[in-house]
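See below for the structure under consideration.
Spelled out as structure tokens, the structure:
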């Protein structure tokens, strides 16, 4: 597991996909990998993490 800080202008699932795409482009991930993303529905609010997603890298 490698935690990575990521800033995005998008919210929700769009931000999660942006992060996964960035990590894929940097070589951390390859197509078919599974990624666990934790995030809050309200971006930039400390303590608002309320969502966990499992995404497959395309």
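In the numbering used here, the protein residues as written are 13 to 70.
Glycine is no exception: its CB is placed at the ideal position from the N, C-alpha and C atoms.
Given the structure is predicted, the values throughout are model-derived calculations rather than measurements.
Name the one or two DSSP bridge partners that residue i has.
i: residue 65; result: 49
Shortest alpha-carbon distance to residue i belongs to which of the options?
i: residue 16; options: 58, 70 and 49; result: 49
i: residue 52; options: 65, 35, 30 and 13; result: 65
i: residue 61; options: 13, 24, 14 and 34; result: 24
i: residue 67; options: 59, 38 and 30; result: 30
Excluding the 5 residues preceding and the 5 following residue i in the sequence, name in chain order all residues of the same chain whose CB lies nearer than 6 Å to its CB.
i: residue 45; result: 69
Which residues in the same chain as residue i place their Cβ atom closer than 8 Å to its Cβ, once the five residues preceding and following it in sequence are excluded?
i: residue 40; result: 14 and 16
Does residue i have its Cβ less than 7 Å from a Cβ in chain B?
i: residue 67; result: Among the chains in the structure shown there is no chain B, since it carries only a single protein chain.
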